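Note sheet for the following structure.
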Amino acid sequence: MEQAPPDLERQWQPAPLEPLGHTDAGLQAAVGEEAEGSRDEVPGDGTEHALGLGVLMTENNFGLKKIEISVSEAEKRTGRNAMNMQETYTAYLIETRSVEHTDGQSVLTDSLWRRYSEFELLRNYLLVYYPHIVVPPLPEKRAEFVWHKLSADNMDPDFVERRRIGLENFLLRVASHPILCRDKIFYLFLTQEGNWKETVNETGFQLKADSRLKALNATFRVKNPDKRFTELKHYSDELQSVISHLLRVRARVADRLYGVYKVHGNYGRVFSEWSAIEKEMGDGLQSAGHHMDVYASSIDDILEDEEHYADQLKEYLFYAEALRAVCRKHELMQYDLEMAAQDLASKKQQCEELATGTVRTFSLKGMTTKLFGQETPEQREARIKVLEEQINEGEQQLKSKNLEGREFVKNAWADIERFKEQKNHDLKEALISYAVMQISMCKKGIQVWTNAKECFSKM
Amino acid sequence: MELSFHSVLHLYQDQEMEDLILPNGGTPAGTSSPASSSSLLNRLQLDDDIDGETRDLFVTVDDPKKHVCTMETYITYRITTKSTRVEFDLPEYSVRRRYQDFDWLRNKLEESQPTHLIPPLPEKFVVKGVVDRFSEEFVETRRKALDKFLKRITDHPVLSFNEHFNVFLTAKDLNAYKRQGMALLSRVGESVKHVTGGYKLRSRPLEFAAIGDYLDTFALKLGTIDRIAQRIIKEEIEYLVELREYGPVYSTWSALEGELAEPLEGVSACIGNCSTALEELTDDMTEDFLPVLREYILYSDSMKSVLKKRDQVQAEYEAKLEAVALRKEDRPKVPADVEKCQDRMECFNADLKADMERWQSNKRQDFRQLLMGMADKNIQYYEKCLMAWESIIPLLQEKPEANGSPLVFIPWWSL
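Protein sequences appear in the order of chains W and L.
All the letters of the first sequence, read from the start, carry residue numbers 1 to 459 under UniProt numbering.
All the letters of the second sequence, read from the start, carry residue numbers 1 to 415 under UniProt numbering.
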């Protein structure tokens with residue numbers, strides 16, 4: 001049983017290395033290893049849903065259990081929102097199963113319903129408390145990069161279905177992340193239906209969320225950022241741009257391809273009509289027409305499969321944003337550090353000048369002294385004292401900021417390396433599956449036209 | 001400014017395509033420069049023996065050449081004739097003819113053999129838009145059609161012996177012959193020429209009525225197929241435009257990446273290959289498929305006018321017959337001129353019937369070949385794309401280092 005109360009009150013600091021509420025170093029090591037080991041078995045991409053495994057710390061802190069998470073259903077609901085107005089939304093059923101090591105059987109341990117906004121809440125929380133982690137993204141809120149056949153309506157069943165898969169993918173990503181999987185709020189998200197929102201809000205993260213957003217968007221100049229982060233930020237910007245472009249063009253390509261296939265359907269009808277006036281040619285024409293119909297209708301499945309590929313690209317489009325946020329966080333911290341150092345240096349300067357009597361730096365006090373006369377030695381002493389205190393404090397703060405900064409860089413870079421590998425693996429997978437789709441489409445095309453050709457030969 | 005051959009498509013889009021079920025269209029395609037392609041299938045088309053007859057006349061159209069004169073610029077084609085027929089003084093001839101010579105020939109044939117179905121010529125003018133009459137693709141398409149035209153005449157048991165045809169194939173100076181005026185016309189021809197309209201037909205024999213109906217529906221269906229084919233090409237061209245933008249984006253992405261650079265570049269190249277294959281498909285369809293469809297539409301139009309002439313001949317005969325009956329003379333014998341009319345009509349009917357049968361049989365073969373050709377082109381397109389995608393699978397599956405955790409992948413053969 002847990003002795004300490006769950007420590008939900010967290011300072012906005014670089015994430016501590018200890019998992020929430022647990023300080024047992026020995027367990028940590030085990031956790032570390034298990035996490036490492038489990039990572040091998042957990043596929044990085046979302047296509048292996050059936051095998052969705054994650055590692056989760058259980059509440060009672062007894063070792064680790066392998067769990068399966070699935071978002072198995074989606075349901076339309078109506079309810080009242082914050083302004084007491086009726087609204088329709090979709091709720092998703094999250095089922096958690098624990099997998100017994102021995103026989104691989106899984107037992108349903110938890111099952112609850114969540115809506116998209118709750119997922120968003122979870123993610124925002126993670127963003128605030130793990131600024132050094134590239135936090136997995138959610139599937140898009142609204143359908144974008146739509147081609148004409150797809151509906152842009154959030155209630156459209158195809159969209160809901162793809163979103164269900166995306167949400168499951170998100171949970172699997174979090175559950176398979178060595179650090180995020182240990183988070184208590186995440187655990188409660190999966191297990192505590194009622195009251196979860198209140199629990200999250202009690203952490204007070206909302207305030208921090210707002211100031212974080214503000215900081216991320218602010219413009220400032222950093223003098224000495226870690227070059228790697230600068231490059232990485234640049235990369236994430238470029239990645240976002242190129243994937244957006246790719247998705248836009250792909251949607252147009254899909255549109256056009258749809259048109260090509262569908263027009264062939266007209267052959268079916270006209271061949272049929274023509275066959276009616278022909279004697280020997282009739283049968284061949286008629287059956288060829290049938291194949292044209294088959295051809296025309298085959299595009300629907302083909303393009304539906306391709307949407308899956310688009311979703312995989314979209315995930316990394318959004319991941320690029322998360323990557324960028326980590327880089328920005330570093331810049332923020334670095335800027336903060338530089339400002340603190342600058343401030344300290346100026347105070348020291350001031351102190352020195354007061355002590356030696358020379359005025360090199362501009363200070364308001366100095367100016368007023370000049371204008372209104374010298375101050376008394378006692379006054380000066382007092383001021384020096386204050387400054388010395390401030391300098392002391394400042395040096396302490398600078399030290400800790402430095403430490404924080406270095407810790408952040410270390411931890412962030414570790415996660416970035418992990419992310420890079422995951423990205424390379426996942427995107428290669430995505431490209432392979434795309435190529436496989438194209439191959440399948442070509443084979444279907446060859447089949448249909450070969451059949452049609454045979455019909456024509458019998459004309 | 002030289003525009004691409006594809007703007008020829010605007011020529012065909014005369015009507016609204018109301019009867020087609022079409023997806024929401026996009027913006028018109030930009031012009032693309034088609035690669036020229038030769039269709040072996042077309043060349044070999046009429047070289048088989050029809051009815052197993054031994055051939056004694058071979059005609060080929062090839063070697064287009066541009067002539068630039070002060071007054072005009074035009075293309076001539078070489079006509080090569082090989083024959084053992086007595087009507088030809090030499091066993092082999094080679095002359096040069098231009099489109100207007102073919103046009104002249106066709107008119108002469110229509111005049112001199114009005115009871116027969118004369119094959120169509122490719123269109124004289126390209127009306128809409130500015131098409132380059134001297135582009136390689138246009139000239140090649142025209143050459144094929146002219147070759148087809150002569151071969152159809154060659155295959156015809158009556159037309160191939162026509163005097164004008166002979167002169168067309170053999171004369172050094174065709175213009176001199178043209179200026180000479182009309183040569184000897186067959187009797188039937190002359191008399192039919194002078195049949196004026198204005199006779200009302202009593203009843204059309206069932207078989208000719210059926211032919212008329214058939215041709216009506218046939219032309220209609222061909223027209224629809226023509227519009228569908230054009231629309232498909234248009235959609236394919238627009239698809240091509242998008243593909244040409246799509247492929248390079250993978251290249252751009254590849255430049256940002258390390259491990260993914262080669263796979264992404266591979267995908268880009270692959271899409272490029274598919275784009276090229278698609279372009280070849282649209283070129284082939286435009287150059288080989290559409291013109292033949294168009295030809296058959298023209299063919300059925302000209303056949304309908306021959307049918308009308310036949311109706312006229314029959315009407316004249318019936319009118320004369322009636323006039324005789326009304327005269328109530330005691331002559332048991334039918335007057336000579338009525339007999340002549342009857343002769344004319346019966347000859348016409350016989351010629352037409354024979355030609356129709358021949359036409360049906362040729363049509364069947366032509367369409368079988370045409371549609372099989374269309375299927376073939378599409379198969380080839382998909383085969384090229386298949387090859388491209390299959391060849392990059394190993395590239396995509398390549399692992400950069402031997403160490404590291406085993407990566408999970410979906411083997412391509414599992415799908």
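Ideal placement from N, C-alpha and C gives every residue a C-beta, glycine not left out.
Since the structure is predicted, the reported quantities are computational estimates derived from the model, not experimental observations.
Got a sec? Which residues, its chain only, sit under 7 Å from residue i by beta carbon, not counting five neighbours each side?
{"i": "Cys442 of chain W", "result": "none"}
{"i": "Leu121 of chain W", "result": "Lys197 and Val200"}
Are the beta-carbon atoms of residue i and residue j separated by less than 8 Å?
{"i": "Val146 of chain W", "j": "Ala251 of chain W", "result": "yes"}
{"i": "Leu239 of chain W", "j": "Leu260 of chain L", "result": "no"}
{"i": "Thr80 of chain L", "j": "His67 of chain L", "result": "no"}
{"i": "Leu293 of chain L", "j": "Ala219 of chain L", "result": "no"}
{"i": "Leu281 of chain L", "j": "Asn378 of chain L", "result": "yes"}
{"i": "Leu126 of chain W", "j": "Ser236 of chain W", "result": "no"}
{"i": "Val61 of chain L", "j": "Asp147 of chain L", "result": "yes"}
{"i": "Lys453 of chain W", "j": "Ala388 of chain L", "result": "no"}
{"i": "Ala91 of chain W", "j": "Trp113 of chain W", "result": "yes"}
{"i": "Glu287 of chain L", "j": "Asn166 of chain L", "result": "no"}
{"i": "Ile153 of chain L", "j": "Leu307 of chain L", "result": "no"}
{"i": "Val59 of chain L", "j": "Leu150 of chain L", "result": "yes"}
{"i": "Tyr250 of chain L", "j": "Val249 of chain W", "result": "no"}
{"i": "Ile299 of chain W", "j": "Lys262 of chain W", "result": "yes"}
{"i": "Ala430 of chain W", "j": "Gln312 of chain W", "result": "yes"}
{"i": "Arg212 of chain W", "j": "Val128 of chain W", "result": "yes"}
{"i": "Arg368 of chain L", "j": "Ser457 of chain W", "result": "yes"}
{"i": "Gly289 of chain W", "j": "Tyr267 of chain W", "result": "yes"}
Could you check the C-alpha separation between residue i and residue j for me, to the nearest Å?
{"i": "Asp311 of chain L", "j": "Leu352 of chain L", "result": "12 Å"}
{"i": "Glu110 of chain L", "j": "Thr276 of chain L", "result": "44 Å"}
{"i": "Ala254 of chain W", "j": "Leu337 of chain W", "result": "50 Å"}
{"i": "Pro377 of chain W", "j": "Gly357 of chain W", "result": "11 Å"}
{"i": "Thr252 of chain L", "j": "Leu172 of chain W", "result": "31 Å"}
{"i": "Thr27 of chain L", "j": "Ala296 of chain W", "result": "Caution applies to Thr27 of chain L, whose pLDDT of 35 falls short of 50 and renders its modelled position unreliable; the model cannot decide the point."}
{"i": "Tyr258 of chain W", "j": "Leu371 of chain L", "result": "23 Å"}
{"i": "Leu326 of chain L", "j": "Lys320 of chain L", "result": "10 Å"}
{"i": "Met285 of chain L", "j": "Ile233 of chain L", "result": "8 Å"}
{"i": "Asp355 of chain L", "j": "Glu238 of chain L", "result": "43 Å"}
{"i": "Ala25 of chain W", "j": "Glu68 of chain W", "result": "Unreliable placement is indicated for Ala25 of chain W, whose pLDDT of 32 sits below 50; the coordinate value is still reported in the next sentence. Taking the straight line from one Cα to the other gives about 27 Å."}
{"i": "Arg358 of chain L", "j": "Leu206 of chain L", "result": "19 Å"}
{"i": "Arg179 of chain L", "j": "Met71 of chain L", "result": "20 Å"}
{"i": "Glu353 of chain W", "j": "Gly394 of chain W", "result": "18 Å"}
{"i": "Arg133 of chain L", "j": "Pro122 of chain L", "result": "13 Å"}
{"i": "Ile297 of chain L", "j": "Leu222 of chain L", "result": "7 Å"}
{"i": "Arg204 of chain L", "j": "Ser287 of chain W", "result": "35 Å"}
{"i": "Tyr299 of chain L", "j": "Pro119 of chain L", "result": "6 Å"}
{"i": "Phe229 of chain W", "j": "Val222 of chain W", "result": "12 Å"}
{"i": "Gln397 of chain L", "j": "Ala175 of chain W", "result": "27 Å"}
Within a Cβ cutoff of 6 Å, which residues of the same chain sit near residue i, ignoring the five residues on either side of it in sequence?
{"i": "Leu193 of chain W", "result": "Sequence inspection shows Glu at residue 193 of chain W; the Leu mentioned does not correspond to that position. Counting only Cβ-Cβ distances below 6 Å, and skipping sequence neighbours, we find Leu112."}
{"i": "Arg202 of chain L", "result": "Glu318"}
{"i": "Ser39 of chain L", "result": "Because the pLDDT of Ser39 of chain L is 40, which lies under 50, any placement of that residue in the model is unreliable, and the question is left without a value."}
{"i": "Phe170 of chain W", "result": "Pro136 and Leu138"}
{"i": "residue 536 of chain W", "result": "Residue 536 of chain W lies beyond the stretch modelled for chain W, which goes from 1 to 459, so this question has no answer here."}
{"i": "Arg305 of chain W", "result": "What sits at residue 305 of chain W in the sequence shown is Asp, not Arg. Once the five neighbours on either side are set aside, the close Cβ partners of Asp305 of chain W are Met437."}
{"i": "Asn273 of chain L", "result": "Ala388"}
Quick one: residues in its chain with C-beta nearer than 8 Å to the C-beta of residue i, no 5 flanking neighbours on either side, listed in chain order?
{"i": "Asp415 of chain W", "result": "His132, Ile133, Val134, Ile179 and Val326"}
{"i": "Gly79 of chain W", "result": "Gln86, Glu87 and Tyr89"}
{"i": "Lys124 of chain L", "result": "Tyr99 and Asp103"}
{"i": "Glu321 of chain W", "result": "Pro137, Ser236 and Gln240"}
{"i": "Ala340 of chain W", "result": "Gly394, Gln397, Leu398 and Lys401"}
Output, in chain order, the set of chain L residues within a Cβ distance shorter than 8 Å of residue i.
{"i": "Gly204 of chain W", "result": "Going along chain L, no residue has its Cβ under 8 Å from Gly204 of chain W, so there is no contact; the nearest lies around 39 Å."}
Can you name the residues of chain W whose CB is closer than 8 Å to the CB of residue i?
{"i": "Glu383 of chain L", "result": "Cys442 and Ile446"}
{"i": "Val249 of chain L", "result": "Val242, His245, Leu246 and Val249"}
> Can you list, in chain order, the residues of the region 347-362 of chain L whose Cβ is nearer than 9 Å to any Cβ on chain W?
Replying inline: Gln360
>> Along the region 362-375 of chain L, where does the CB come closer than 7 Å to a CB of chain W? Name the residues.
In response: Arg364, Phe367, Arg368, Leu371, Met372 and Ala375
>> Short of 9 Å Cβ to Cβ, which residues in the region 262-280 of chain W face chain L?
In response: Lys262, Val263, His264, Gly265, Asn266, Tyr267, Arg269, Val270, Phe271, Glu273, Trp274, Ala276, Ile277, Glu278, Lys279 and Glu280
> Between the region 419-437 of chain W and chain L, which residues of the former have CB atoms less than 9 Å from a CB of the latter, in chain order?
Replying inline: Lys420, Glu421, Lys423, Asn424, His425, Leu427, Lys428, Glu429, Leu431, Ile432, Ser433, Tyr434, Ala435, Val436 and Met437
> For the region 235-260 of chain W, which residues have a CB atom closer than 8 Å to at least one CB atom of chain L, in sequence order?
Replying inline: Tyr235, Glu238, Leu239, Val242, Ile243, His245, Leu246, Val249, Arg250, Arg252, Val253, Asp255, Arg256, Leu257, Tyr258, Gly259 and Val260
> Of all the residues that make up the region 215-246 of chain L, which are near chain W by a beta-carbon distance shorter than 7 Å?
Replying inline: Thr217, Phe218, Lys221, Thr224, Ile225, Ile228, Arg231, Ile232, Glu235, Glu236, Glu238, Tyr239, Glu242, Leu243, Glu245 and Tyr246
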